[in-house]
Amino acid sequence: MDGSLPKERQEDIYSQAIRAGKRTYFLDVKSTKSEELYLTITESKRRFDTELGKFRYEKHKIFLFKEDFEKFTDGLKDVIRFIENGQPHNTPNTSDSEKDTLDENLKIHSEISFEDLD
Numbered sequence: 000m001d002g003s004l005p006k007e008r009q010e011d012i013y014s015q016a017i018r019a020g021k022r023t024y025f026l027d028v029k030s031t032k033s034e035e036l037y038l039t040i041t042e043s044k045r046r047f048d049t050e051l052g053k054f055r056y057e058k059h060k061i062f063l064f065k066e067d068f069e070k071f072t073d074g075l076k077d078v079i080r081f082i083e084n085g086q087p088h089n090t091p092n093t094s095d096s097e098k099d100t101l102d103e104n105l106k107i108h109s110e111i112s113f114e115d116l117d
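Here numbering that gives the first Met the number 0 is used: the first residue of the sequence shown is 0, the next is one more, and so on.
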């Protein structure tokens with residue numbers, strides 16, 4: 000391995016937990032072997048496993064690298080603005096092909112069923 004992918008048990012450099020109802024979000028800053036910082040966003044939700052008869056934690060992770068921060072935060076702000084105001088933020092430098100791709104992605108994602116988001 001070249002060390003470009005994060006290791007699961009790497010020590011956190013900085014960490015913040017956000018409790019939100021039944022979920023907890025962990026924002027962890029970690030370092031690659033080449034000492035480049037990246038962000039790990041983890042959603043953790045406690046679930047009852049009926050097969051095992053006990054609680055377990057379901058986790059979902061996103062690894063976000065420094066070179067993607069600006070695009071990620073711009074997209075996140077835009078989506079939050081849309082949720083709050085019901086209107087997307089129009090970015091003048093979005094090409095027609097990018098808009099078509101975004102429209103296609105929205106169609107794909109709108110078909111997903113999120114039954115247990117409570």
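Even for Gly, the Cβ is constructed at its ideal location relative to N, Cα and C.
Being a predicted model, the structure only gives us computed values, none of them experimental.
- In the three-state reduction of the DSSP assignment, Lys58 falls in the strand class, which pools E and B.
- Under the three-state reduction of DSSP, Glu42 is assigned to strand.
- In chain order, Pro5, Val28, Lys29, Ser30, Thr31, Phe62, Leu63, Phe64 and Lys65 place their CB closer than 8 Å to the CB of Tyr37, counting only its own chain and leaving out the 5 sequence neighbours on each side.
- The alpha-carbon of Phe25 is positioned some 20 Å away from that of Phe54.
- When rounded, the separation of the alpha-carbon atoms in Glu50 and Lys60 is 24 Å.
- Beyond the five residues adjoining it in sequence on each side, Tyr13 comes within less than 8 Å, by CB distance, of Asp27 and Val28 in the same chain, given in chain order.
- Among the bridge pairs identified by DSSP, Asp48 is matched with Lys53.
- Residue state for Ile82 is assigned as helix, using DSSP reduced to three classes.
- Partner residues in the beta bridge of Ser30, as assigned by DSSP, are Leu36.
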